[in-house]
Every structure is written in structure tokens, then in C-alpha cells.
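Taking the working numbering, I'd label the letters of the sequence shown as residues 7 to 291. We put the beta carbon where it would ideally sit given N, CA and C, even for glycine. For reference, the structure is listed below as C-alpha cells.
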Amino acid sequence: MNTEQPLKERLKQILNQNGHALSFEEREILLHELIDLHGQAKEGKNNETEQIRQAFLHNLCHVPQSLTHETFSRFFAENIKPADFRALEWEMPEQYFQITEALYLLRSHIETEKVFDYVTELLVHALRSFERNGEYKKMIELLQLVPVPPSAMNQELLSLRAQAHIHETRRVQHFRQLLYKYLFLQALLIFVAFPILFVKAENGAIAKTIEEATDVEMTEERVQYLSYADGLYWSIITAASIGYGDITPVTNIGRIIAAILGSMGVITIGIIAGLILDRITPRNF
């Protein structure tokens with residue numbers, strides 16, 4: 007009986023299961039089976055053994071605590087190569103911590119220097135995975151969470167760090183531009199548009215325009231005659247503090263304008279406070 011075909015078929019089935027949601031126990035069963043398949047694979051079948059090792063790592067990423075198991079830790083120490091990490095797809099920066107914490111527990115099976123090599127290699131491939139998927143925010147989060155000493159920096163890590171820095175600079179510039187545009191629009195509304203609209207609403211000009219345009223008679227309302235200076239004063243005070251009550255709208259349209267401006271003012275103050283801290287200041291990593 008040819009045992010090579012069943013091995014290939016079972017390996018294919020396991021690879022197809024990698025993307026499925028499995029329980030902790032099911033993952034550990036797959037890990038045991040992959041170790042058995044690795045033992046059955048012929049020495050010359052480098053492609054098969056590499057696929058088995060990568061499938062082992064993929065499943066291990068979902069259950070990193072399994073590395074405390076003697077069987078899994080010994081297999082990892084004796085068979086996993088740094089190049090095998092290249093096939094891993096990282097979802098969250100926290101996964102890196104879970105794996106590296108488990109790796110440090112392997113120092114009884116692996117030399118300390120080799121553990122550091124694994125950790126560095128993992129970091130490189132995790133960053134590459136995020137870069138490949140365009141997830142620069144996760145790259146930056148990982149670099150923030152994992153301060154790398156200059157002595158441990160290799161050329162690839164420096165390149166990835168530079169890529170993250172370029173993206174962060176672009177992000178800051180983008181949000182600065184948005185903030186400046188928003189502030190310009192807000193200033194234009196407060197100092198020009200809302201004062202004029204408020205004055206026209208209060209003296210009945212807007213209601214008269216609506217009547218002429220729609221041929222519908224508006225309900226008669228009280229009116230007050232204000233200057234542009236009055237409207238400007240009212241607009242600034244309303245946007246900054248919801249008003250003092252010395253100038254209040256008496257028309258329905260004026261009240262609507264006041265409600266819009268007051269809401270915009272409250273929202274703007276809250277947004278600016280957050281944006282200044284989170285968007286303008288670059289994150290250090």
C-alpha cells in the first residue's frame with residue numbers, strides 16, 4: 007500500500023482547516039497529528055516537511071500556550087527554522103507577545119542566543135505581514151509595544167521601522183490638513199455665514215424670501231432688527247458657550263440656526279481637544 011498518498015491527502019485536509027475556527031483541544035489534536043506527519047515524511051521531501059512545519063506554526067499561533075507542552079516544545083526546538091516564520095499571517099500585535107513569551111519558556115531546550123534569534127525573526131516577519139496587508143497601524147503598535155535596542159537592529163528591521171515612520175509622518179500630515187480645513191470652515195461659518203444668516207432670519211428677510219420662492223405664506227412672527235456686529239457677537243458667544251442670553255432668537259428660523267451653531271460649537275471643542283493630542287502629535291516607536 008502506498009502511504010505517501012494518504013500523507014499528502016491528510017496534510018491537504020489540515021491546511022484547509024487552518025482558516026477555520028477551532029477549539030483549543032482541536033488545535034492541539036492537529037499539532038499532534040502534524041508532528042506525526044512530519045515523522046512520516048521522507049527526508050527528501052523538503053516541500054512537504056516545510057509545509058508541515060508552517061502548518062504547525064500556524065496552529066501554534068492560535069494556541070501559543072501549547073508550547074509549554076513537552077512534545078510541542080521539543081518539536082519546535084528540534085525542527086522549526088527561522089525561515090518557517092515567513093508563511094505566518096499575523097492578525098494582531100498581541101499574537102507576537104504570546105508567541106515570544108512561550109518561546110522564552112523554551113530556553114531549557116534551546117540556547118538563549120537562538121531564542122533571541124527566533125524572537126527577532128518573528129518580529130521581522132510579523133512586521134512584514136502587517137506591511138504586506140497594508141496594516142501600518144498594527145506595525146506602529148507592534149513597534150511601540152516592542153522597543154528594540156540598537157544592538158538588536160539589523161538591516162531589515164531598520165528598513166521596516168523606516169517604512170512605519172514614513173507612514174506615520176503621512177498620517178500626521180493628512181490629519182493636520184483635515185484639521186486645518188475643518189478649523190477654516192468653522193471660522194468661516196462663525197465669522198461670516200452664521201452672523202449674516204442670523205441677522206436676516208431675525209429681521210424676517212429669510213422668511214420673506216421663502217414666501218416669494220414657494221408662494222406659501224409663512225406664519226407671522228415677531229422680528230428684531232440687528233446689525234452685523236450684533237450677529238457676529240451672538241455667533242461667537244453661541245459657538246463658544248451656548249450664549250449668554252442677552253441676544254436671543256425670536257424667529258423659528260433663527261432658533262434653528264442657533265441650535266445648529268450651538269451643537270457645532272460643543273462638538274468642535276471636544277473634537278479639537280482629542281485631535282490635538284492624538285492626531286497632531288506623532289506616536290513614538
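Does the distance from the CB of residue i to the CB of residue j come in under 8 Å?
i, j, result
"GLY271", "THR254", "no"
"LYS144", "PRO99", "yes"
"PHE91", "LEU128", "yes"
"VAL205", "TYR234", "yes"
"LEU73", "LEU43", "no"
"LEU37", "ASN65", "yes"
"PRO201", "SER241", "yes"
"HIS173", "TYR142", "yes"
Give me the residue from the options with the minimum Cα distance to residue i.
i, options, result
"GLN23", "ALA47, LEU203 and HIS68", "HIS68"
"THR274", "LEU189, ILE172, HIS64 and GLU56", "LEU189"
"ALA168", "VAL130, PRO201, LEU195 and LEU281", "VAL130"
"LEU164", "GLU141, LEU232, GLY237 and LEU133", "LEU133"
"GLU137", "LEU151, LYS120, PHE122 and GLU162", "GLU162"
"LEU102", "GLN150, ILE35 and LEU40", "Going by the sequence as given, residue 102 is Tyr instead of Leu. Per the Cα distances, GLN150."
"LEU195", "ALA279, HIS173, ILE263 and TYR110", "ILE263"
"ARG59", "GLU76, GLU31, GLU84 and VAL125", "GLU84"
"ALA61", "ILE41, THR126, THR77 and HIS180", "ILE41"
"ARG33", "GLN71, ASN139 and GLY210", "GLN71"
"GLU283", "VAL178, PRO12 and GLY268", "In the sequence as presented, Glu is not what sits at residue 283; that position holds Leu. When only C-alpha atoms are compared, the closest one is VAL178."
"LEU203", "GLY140, ALA27 and ARG261", "ARG261"
"GLN192", "ILE278, ALA27, LEU13 and ILE35", "ILE278"
Under 8 Å between C-beta atoms, does residue i make it to chain D?
i, result
"GLN169", "Reference to chain D is not applicable here, since this structure consists of a single protein chain."
Closer than 7 Å by C-beta to residue i: which residues in its own chain qualify, once you throw out the five before and the five after it? Chain order, please.
i, result
"TYR250", "ILE243"
"ILE266", "none"
"ILE105", "CYS67, PRO70 and LEU128"
Can you list, in chain order, the residues of its chain with a C-beta nearer than 6 Å to that of residue i? Leave out the 5 residues immediately preceding and following it.
i, result
"LEU185", "LEU281"
"GLU147", "PRO99"
"ALA47", "GLU54 and THR55"
"TYR231", "ASN209"
"GLY268", "THR244 and ILE248"
Sorted by chain position, which residues of the same chain lie with C-beta nearer than 8 Å to residue i's C-beta, five sequence neighbours on each side aside?
i, result
"LEU238", "PHE197 and PRO201"
"GLU39", "ARG16 and ILE20"
At what residue ranges does the region 126 to 165 contain a whole run of the alpha helix (DSSP H), taking only runs of 4 or more? Residue ranges of uninterrupted alpha helix (DSSP H) with 4 or more members, entirely inside the region 126 to 165 and ordered along the chain, are 142 to 151.
Identify every run of the alpha helix (DSSP H) within the region 218 to 283, keeping only runs that are complete inside it and at least 4 residues long; order them along the chain. The region 218 to 283 contains these whole alpha helix (DSSP H) runs: 234 to 247 and 258 to 281.
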